[in-house]
Amino acid sequence: MIKIKNAIYNTVKGVFFDYGGVLEDLSFSDSTFLKGAAILRDILLKKGVALTASQLTAALISGQEKYNNWYKKNNYRELPNEKMWSSFFLEEICKDKTKKAIVEEMSEELSSIYEFYLFTRRPARDMWMVLKTLFYSGYTLALISNTMSRTLIPERLKKFMIDEYFSAVVLSADIGIRKPRKEIFDAALKCTGLKAEDCIYVGDTLSRDVEGSRNAGFRTSVLIESGLTADKDRDYTGTVKPDNKFNSFSELFQILK
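Per this note's numbering, residue 8 is the first one in the sequence shown, and the count goes up by one each step.
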């Protein structure tokens, strides 16, 4: 294991991470998305909610765009996933009250499947080594993520056997607030008992991660660009810049020696 300064002897005490694009590399893939849409269509059909493949695909694409516009206009609130599905992703089908009740009841399952298949996924290079080194060097680790599913990220952390490393996992789906709002960062800090000025935040976007961690007063903001960075930051008009910009996970050790 690579040796870095132990947290006891460092002014930095905590390292907070984004999930998608940082701990897990994500990339858009039409084939993966269509596979997920087919799975969603099958489970909806079993519950009596029938859509053609083209209807569901169109509804998902349109619903995502409408929801993105909604939360930007509403101070980056995150709706419960029941409302996401009945008011955005499957708005038309949910005009039928019976089908709306079915969709809302299974909304967490829908959210988890939809988000999983929205991207092609693989763990970031050096993820295990970096997290293990930080954890056993005494740093408090936490995760802050914008996500519509309450279960997908905890399940992924368990799958990769890294869940034990994190003192806090704060999800927008749980607290109803998205990055870059300061409150979601504050919630993670409260869970760990650490002060923002003693922590580093690592993310893959200016608009959500650097902007948000700056607002929350984090000591250092680190940007590691992912395959989704350009798309996520496409409409960003702010002027914030990261303290450090790295190409790989392991470069993080440069500021912890």
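All residues carry an ideal CB built from backbone N, CA and C; glycine is no exception. The structure displayed is predicted, hence computed values, not measured ones.
Inter-residue spacing [alpha-carbon to alpha-carbon] between residue i and residue j
{"i": "Tyr74", "j": "Ser93", "result": "11 Å"}
{"i": "Ile109", "j": "Thr212", "result": "36 Å"}
{"i": "Thr246", "j": "Thr236", "result": "16 Å"}
{"i": "Leu52", "j": "Leu58", "result": "8 Å"}
{"i": "Asp205", "j": "Val217", "result": "16 Å"}
{"i": "Thr64", "j": "Leu41", "result": "8 Å"}
{"i": "Gly55", "j": "Val22", "result": "46 Å"}
{"i": "Phe129", "j": "Ser144", "result": "A small correction: the amino acid at residue 129 is Arg; Phe does not occupy that position in the sequence shown. In a straight line, the C-alpha of Arg129 is about 26 Å away from that of Ser144."}
{"i": "Lys166", "j": "Val176", "result": "15 Å"}
{"i": "Ile50", "j": "Leu30", "result": "29 Å"}
{"i": "Asn81", "j": "Tyr16", "result": "43 Å"}
{"i": "Met136", "j": "Gln62", "result": "44 Å"}
{"i": "Cys198", "j": "Ile262", "result": "24 Å"}
{"i": "Leu76", "j": "Tyr243", "result": "Here residue 76 turns out to be Asn, not Leu, going by the sequence shown. Cα-Cα distance, rounded: 14 Å."}
Buried versus exposed, by CB contacts within 10 Å (16 or more), residue i
{"i": "Gly200", "result": "exposed"}
{"i": "Lys107", "result": "buried"}
{"i": "Asp37", "result": "exposed"}
{"i": "Glu112", "result": "exposed"}
{"i": "Gly70", "result": "buried"}
{"i": "Thr140", "result": "buried"}
{"i": "Ser214", "result": "buried"}
{"i": "Ala45", "result": "exposed"}
{"i": "Ile231", "result": "buried"}
{"i": "Glu171", "result": "exposed"}
{"i": "Lys79", "result": "exposed"}
{"i": "Arg221", "result": "buried"}
Whether residue i touches residue j by CB criterion (7 Å)
{"i": "Tyr124", "j": "Thr39", "result": "yes"}
{"i": "Ser179", "j": "Tyr208", "result": "no"}
{"i": "Glu98", "j": "Arg185", "result": "no"}
{"i": "Asn88", "j": "Glu115", "result": "yes"}
{"i": "Lys252", "j": "Ile11", "result": "no"}
{"i": "Leu150", "j": "Phe173", "result": "yes"}
{"i": "Asp32", "j": "Ala131", "result": "yes"}
{"i": "Tyr26", "j": "Ser152", "result": "yes"}
{"i": "Lys189", "j": "Ala223", "result": "yes"}
{"i": "Ser34", "j": "Thr127", "result": "yes"}
{"i": "Asp133", "j": "Phe256", "result": "yes"}
{"i": "Ile169", "j": "Leu138", "result": "yes"}
{"i": "Gly28", "j": "Ile120", "result": "no"}
{"i": "Phe260", "j": "Gly219", "result": "no"}
{"i": "Phe96", "j": "Leu67", "result": "yes"}
Helix, strand or coil at residue i according to DSSP, with G and I counted as helix
{"i": "Ile5", "result": "Since the first residue of the chain shown is 8 and the last is 264, residue 5 is not available in this structure."}
{"i": "Ser156", "result": "coil"}
{"i": "Glu72", "result": "helix"}
{"i": "Thr59", "result": "coil"}
{"i": "Ser93", "result": "helix"}
{"i": "Lys197", "result": "helix"}
{"i": "Ala223", "result": "coil"}
Short CB-CB distance (under 7 Å) between residue i and chain D
{"i": "Ile169", "result": "This model lacks chain D altogether, as it is built from one protein chain only."}
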